Every structure is written in C-alpha cells, then in structure tokens.
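Taking the UniProt record's numbering, the leading residue of the sequence shown gets 1, the next gets one more, and so forth. See structure below.
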Amino acid sequence: MGSEENTPQIPSRKKSSLSFSGYIGDDDLEFSILTFFGVFDSISNVPIKTLGSLNRHVRKKRDEFRENKVRPLQRKVDKELEKLKGRIADKVDKLQKKWVDGNVVRARDKVAFVLGVGNVFFSALLMGMIPQNFHVWYSVQILYFMPLRYITYHRKGMHYFIADLCYWVNMMLLVYLWILPSSKFLLVSTYFLSFGPLSWAIIAWKNSLVFHSMDKVTSLFIHIFPPTVLHTIIHIVPAGYTYKRFPALGKLEHIDIFPAFIATSIAYFVWQILYYIFIQVRRREKISAGRPTSFTWLLKSYSKTWIGKLVLKLPEPTRPFAFMAIQYIYTLITMAPCPWWYSHKKSSTIFLISLFAWSVWNGASYYVDVFGRRFQKELEDLRREVSTYENPNTPYLSKVDDIVISGDSFLNTCSNALKTEFQLNEFVNSDVNDNNEINYLRKR
C-alpha cells in the first residue's frame, strides 16, 4: 500500500490529442481555445474583405472593358463588313456589265462576220453570174465605206491618211466608170495604178481579211476592189456590152508600157503635188505637233530597215522629198507587169487570187494571234478578279481578318478574365465555407 502511495501518477495517453489537462488546467485550456479561434477569425476576415473588393474590381474592369473595347470593335467589324459587301456588290455589277457588254460585242461580231462572208459570197456570185453589174456593186459599197472611213479616221486624228494614193485611185476609177468611160488616158492610168502600187500595198501594208474589224475590211476593200472591178470589166464582161458601156476598152487591145508609164506618171504627179501642198505644207504645224501621215507612219515603221535608216540620215527638210522619190520608184516597179496582166486573163486571175489569199492568210494570223491573245488576256483578267474574293491577302479582306484576329484575342482575354473571376469566386466561396466551418466548431 505504502509503495503505491509513494509512486508518481503518469498522465493517461488515452485522452484526446487536443487535451492538455495533464499539463494545464481546464480554465486555461478553455481560454486558450477561445483565444485561438478568435485570432483565426480575425485573420480570416482580412482576405474575405480583400477578395470581395477584388471581385468587385474585376467585375467593374470587365464591364469597362466590354464597354470600351467590345462595342467599338463590334461596330468597327460591322462597318468593315458593310464596306466589304459594298465592294463585292460593285465587283459583281462590273462583272455583270462586262458580261452584258461582252454579249453585245459578240452579237455585233456575229453580225459583222455574217455580213462579211455574205459580201464575199455575193461579190463572187455577182462576178460569175452578172459581171456587167459588178461595177455597180462596187460603187454602192464605196458610198458606204468612204464616209465611214473618214468619220472613223477623223475621230482618231488620222484623217490625213485619206489623202493617200489609194483613195485617189478609187476616185479615178469612179470618174472613169460614171463620168469618162471613153477616156483611154483615164483607163490606162487607173489600171496601172490599181494593179501596180494599190495591189502590192496589200502585201506592203499587210492588209488582212478580218470580218470583226471594220477598219481592216475597209482597207482591204479600198485596195483589192479596184483591180477586181477592172479585171471583171476587161476579162469577164461580154465584149459587146463592154465596148458599148466602156468605149475606151474597144480602142485598147493591148497597152504599150512606155506610153502607159507616161500617162500613169502624170496622174501620179498630179496627186503628189496636191498632197504636198495641202498636207505637207499647209498642215505642217499639225504634223509637227504629232498628227500622223503615211510618211511619218512608214518612217516610224521602217526606221530599223536599211531604207528607213537611209532616210533618217538625211536632213529633216529633205526627208519628205526622199520619201516621194522612193514611193515613185516603188510605183514604177509595181506597174511593170501590168501590160501582161491586161492582155492575159489567166495571169491576171492568178495575181488577184494570190492577193486575196495573202489577205486571208494575214486575217487568219490576226485571228489566231491577236484575238487569241486578247481572249487569253480577258480570261486572265476575269480569273484574277475572281481570285481576289478567295485571296486572303486582299486589302479589304485583310482588314477584316485583322479585326477578326483582334476580336479573337479579345475573346481570349475575356475568357481568361472570366476564368480568373470564376477562380476568385471559388476561392472566396471556399474561404467563406472554411469560415463557416470554424464558426460551427466555435459554437460547438
């Protein structure tokens, strides 16, 4: 018994781990617990207030961001989209207009093609069936082509070309056909100029049979119809009608070359003198200002050839006279075979067929080269216009893309802000829940 009383008492370990009764008293324990929870409660109130203020601040900034960034950006996007719609609508209207204009041009080309082919067919048919009226057909057409040529060239500032030799020869032919059909001088000079420089100009000037170009059709008509009319009158029309209608033909069974050269040279120099006075002299200032003539055109076109270089080496005042001399030599050379063609029908026919075939070849080259390249260019332009709608680097499309990209960045920013706000709310809510648990424990 005595030993048990003298043995020291050891605190029991079966009590709660929060129990300090073995070391301090119950009153001290209760005071310590209350003090601990009070201090913790005071500390926990600080982040709750701070987080609440931060939450309100984030929401305020979010609203300000929406007001200052989102709405102006939205208005800007809407404005750019409206502009884009307007530009696209304008492009569509232009394409539609071009398509309509293209339809009109194609319809006009079809009509011109039909009339051109019909003219060739009707001329050949008339030459074979009613050759005595072929000169009438020529006269009717020239009353249409000549005014059209003058109006067209005058609009382009090229009306000085109408004073060239080819128009002079056509006027000579009309005078012979309807005013002086009995003039041997007019018949010989017109025939030599028609089968000479006028016919060879189809090769020199590269006349082409292009039905879609009224300018080219007119040029070919002016150069090929005079020799064709004379060929028809001399070799195809019955002699009885020819000698009665054109008495000069009955007096010329054949043509002597030297008298013919003299007669033709007289007619040529009459034209050359008139041309020099009314074009080279009286229109000198306008020509110097840039208005084209056949001389300036030929000098520019053949400037790289030996004959062009030869003329360019001469003093400028003498160049027109050099051009006149060269043109006259060309005229004499091209007139040399004319007596043979006047007396031989087959040779004259082959010559005319060769000229027409040459013009057809030039026309075929024009269709393949010029029209082909033009169609390819128009197709590339149309493809380029269409590709602008698909190209992201188009200026007005790139602006909208930039706005969309900035809008995406803004949405990402808003999303991150909302996530942050959500996390803060969760943190605040979790802190409030912890505080509630602490209060619950305090109550217990």
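Using N, Cα and C, we set each Cβ at its ideal position, and we do this for glycine too. Just so we're clear, the structure is a prediction, and the values are computed from it rather than from any experiment.
Check your understanding: Just the Cα atoms here: how many angstroms apart are residue 511 and Thr349?
Key -> Past the edges of the chain, shown from 1 to 444, lies residue 511, and the structure says nothing about it.
Check your understanding: Does DSSP put Ser199 in a helix, in a strand, or in coil?
Key -> As a working mapping, residue 199 is identified with position 199 in the sequence shown. The DSSP-derived three-state label of Ser199 is helix.
Check your understanding: Could you give the distance in angstroms between the alpha-carbon of Val77 and the alpha-carbon of Arg383?
Key -> By 1-based counting over the sequence shown, the position of residue 77 is 77. By 1-based counting over the sequence shown, the position of residue 383 is 383. A straight-line Cα-Cα distance of about 28 Å links Val77 and Arg383.
Exercise for review: Go ahead and pull the three-state DSSP assignment for Met158.
Suggested key: Position 158 of the sequence shown, counting from 1, holds the residue named residue 158. Met158 carries a coil assignment under DSSP once its states are collapsed to helix, strand and coil.
Review point. Is the region 206 to 224 in contact with the region 349 to 363, if contact means three or more CB pairs nearer than 8 Å?
Key: As far as the Cβ criterion goes, the region 206 to 224 touches the region 349 to 363, which means the pair count is three or higher.
Exercise for review: Evaluate the contact criterion for the region 146 to 157 versus the region 250 to 262: three or more CB pairs, one atom per stretch, below 8 Å.
Suggested key: Flag = no, the region 146 to 157 and the region 250 to 262 do not touch.
**Study point:** Endpoints, alpha helix (DSSP H) assigned at Gly240
**Key:** Mapped onto the sequence shown, residue 240 falls at position 240. Per DSSP, the continuous alpha helix (DSSP H) segment holding Gly240 begins and ends at Ala239 to Arg245.
Review point. Using DSSP with H/G/I as helix, E/B as strand and the rest coil, what is Ser208?
Key: Taking the first residue of the sequence shown as 1, we reach residue 208 at position 208. Reduced to three states, the DSSP call for Ser208 is coil.
Exercise for review: Could you name each continuous alpha helix (DSSP H) segment of 4 residues or more that falls completely within the region 108 to 165, going from the start of the chain to the end?
Suggested key: Fully enclosed alpha helix (DSSP H) runs of 4 or longer: 134 to 156.
Review point. For Phe113, which of Phe161, Tyr367 and Leu355 has the nearest alpha-carbon?
Key: Taking the first residue of the sequence shown as position 1, residue 113 is located at position 113. Closest by alpha carbon: Tyr367.
**Study point:** Tyr328 - DSSP class collapsed to helix/strand/coil
**Key:** Translated into positions along the sequence shown, residue 328 becomes position 328. It is helical.
Practice item. In angstroms with no decimal places, state the Cα-to-Cα distance between Ile233 and Lys206. Key: For the purposes of this step, residue 233 is taken as the residue at position 233 of the sequence shown. For the purposes of this step, residue 206 is taken as the residue at position 206 of the sequence shown. Approximately 27 Å, taken between the alpha carbons.
Review point. Helix, strand or coil: how does DSSP classify Arg282 here?
Key: Taking the first residue of the sequence shown as 1, we reach residue 282 at position 282. Of the three classes helix, strand and coil, the one that applies to Arg282 here is coil, per DSSP.
Check your understanding: Could you give the distance in angstroms between the alpha-carbon of Pro227 and the alpha-carbon of Leu310?
Key -> Taking the sequence shown and counting its residues from 1, the one referred to as residue 227 is at position 227. Taking the sequence shown and counting its residues from 1, the one referred to as residue 310 is at position 310. A direct Cα-Cα distance of roughly 32 Å separates Pro227 from Leu310.
Exercise for review: Could you tell me how far apart the beta carbons of Ile202 and Asn170 are, in whole angstroms, since I believe they sit closer than 8 Å?
Suggested key: Taking the first residue of the sequence shown as position 1, residue 202 is located at position 202. Taking the first residue of the sequence shown as position 1, residue 170 is located at position 170. Incorrect: roughly 14 Å between the Cβ atoms, too far for contact.
Review point. With distances taken from CA atoms, which of Phe295, Pro181, Val140 and Tyr176 is nearest Lys244?
Key: For this step, residue 244 is matched to residue 244 along the sequence shown. Closest by alpha carbon: Pro181.
Check your understanding: Taking DSSP as the reference, what is the three-state secondary structure of Glu253?
Key -> In the sequence shown, residue 253 corresponds to position 253, counting from 1. Assignment of Glu253 by DSSP, reduced to helix, strand and coil, places it in the coil class.
**Study point:** Three-way DSSP call (helix, strand, coil) for His231 in this model
**Key:** What you label residue 231 is simply residue 231 of the sequence shown in a count that begins at 1. His231 carries a helical assignment under DSSP once its states are collapsed to helix, strand and coil.
**Study point:** Lys76 (DSSP reduced to helix, strand or coil)
**Key:** Here the question's residue 76 lines up with position 76 in the sequence shown. The answer is helix: DSSP assigns Lys76 an H, G or I state.
**Study point:** Start-to-end residues for the alpha helix (DSSP H) that takes in Leu298
**Key:** As a first step, residue 298 must be located in the sequence shown, where it is residue number 298. DSSP places Leu298 inside the alpha helix (DSSP H), whose first and last residues are Ser294 to Ser301.
Review point. So the alpha helix (DSSP H) Val368 belongs to, where does it begin and stop?
Key: The residue given as residue 368 occupies position 368 in the sequence shown. That residue, Val368, is in no alpha helix (DSSP H); it is neither H nor E in DSSP.
Check your understanding: Where Phe427 and Glu80 are concerned, what is the direct C-alpha to C-alpha distance, given to the nearest angstrom?
Key -> Position 427 of the sequence shown, counted from the start, is the residue given in the question as residue 427. Position 80 of the sequence shown, counted from the start, is the residue given in the question as residue 80. With a pLDDT of only 49 at Phe427, under the threshold of 50, the placement of this residue in the model should not be trusted, and no figure is reported.
Practice item. Please name the residue in Phe246, Pro339 and Ser219 whose C-alpha comes closest to that of residue 445. Key: For residue 445 there is no data in the structure shown, the boundaries of the chain being 1 and 444.
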